[in-house]
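Here's the structure we're looking at; comments come further down.
Residue numbers (my numbering): 15 to 235.
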């Protein structure tokens, strides 16, 4: 459960996504939402929790204050790579737009120092992630594929798609054509292909826009 209740605020986004943990994840900005999409697809991420803890700290005037980081990310065993960085310990993360960091509020630096201290004491790394970290080339494709993660693909259709690729079909269009020349039936088959890409049963170059011309193969890249 989040340490702080997320409220609706002017100029921000509040909502819920189902996470890889099966729970609901709430976000306060489009950038946080985008990070959660990356986390849902990242094989190296074991679990994550939004607004995991509220940290007490005292500002330079001696006033007691509270700070709640955005997310705690836990990784699978060993050292892994995530967003171009090595990761072994959990990350305690603050998500901020670069425009905010250019002109932060007066207490921002002190809040970050409180987060850094807490992370060090808890065996975490503290990270500030911006759109430069989060909005990577694959994000639009992952955003598109997310709706197909839980698509109900029957075993017969799964086997037919797999067989088409095993017999030499290389692109989404070729798979569709090999299964049926009927456009309506192709439209019914297409979500199954996106589902198999979303769950990693089919591989594709997710740094390039997905289309019927996308090359697909069995298994993960």
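Backbone N, C-alpha and C fix where the C-beta goes; we use that ideal spot for every residue, glycine too. Bear in mind the structure is a predicted one, so any value in this text is a computation, not a measurement.
In the structure shown, the three-state DSSP call for residue 213 is coil.
Taking every protein chain shown into account, the CB of residue 135 has fewer than 16 other CB atoms within 10 angstroms, so this residue is exposed. Residues 83, 84 and 142 of the same chain have their beta carbon placed closer than 6 Å to that of residue 108, with the five preceding and five following residues left out of the count. Every unbroken stretch of the alpha helix (DSSP H) spanning 4 or more residues and falling wholly within the stretch 93-166 is given here in chain order: 112-116, 122-136, 145-148 and 153-160.
Segment contact: the stretch 116-127 against the stretch 90-100, fewer than three CB-CB distances shorter than 8 Å; contact not assigned. Note that the C-beta distance between residue 68 and residue 88 is not below 7 Å.
The beta carbon of residue 212 sits closer than 6 Å to the beta carbons of 159, 162 and 163 from its chain, once the five residues preceding and following it are set aside; these are given in chain order. The Cβ atoms of residue 137 and residue 103 sit closer than 7 Å to each other.
In the DSSP assignment, residue 71 is bridged to 79. Distances from the alpha-carbon of residue 34 to those of 41, 44 and 52 put 52 closest. The residues 89, 90, 94 and 96, in chain order, have a CB closer than 6 Å to that of residue 58 in the same chain once the five nearest residues on each side in sequence are set aside. With 16 or more other Cβ atoms from the protein chains shown falling within 10 Å of its own Cβ, residue 66 counts as buried. Secondary-structure assignment with DSSP links residue 202 through no beta bridge to anything. One alpha carbon belongs to residue 149, the other to residue 99, and they sit about 15 Å apart.
By the Cβ criterion, the stretch 164-183 is not in contact with the stretch 219-229, since fewer than three pairs of Cβ atoms, one from each stretch, lie closer than 8 Å. Scanning its chain for C-beta atoms nearer than 6 Å, with the 5 sequence neighbours on each side dropped, one finds around residue 106 the residues 83, 86, 133, 138 and 140, in chain order. The alpha-carbon of residue 205 is positioned some 11 Å away from that of residue 186. With fewer than 16 other Cβ atoms inside 10 Å of its own Cβ, residue 196 counts as exposed. Taking C-alpha positions only, residue 151 is separated from residue 222 by approximately 7 Å.
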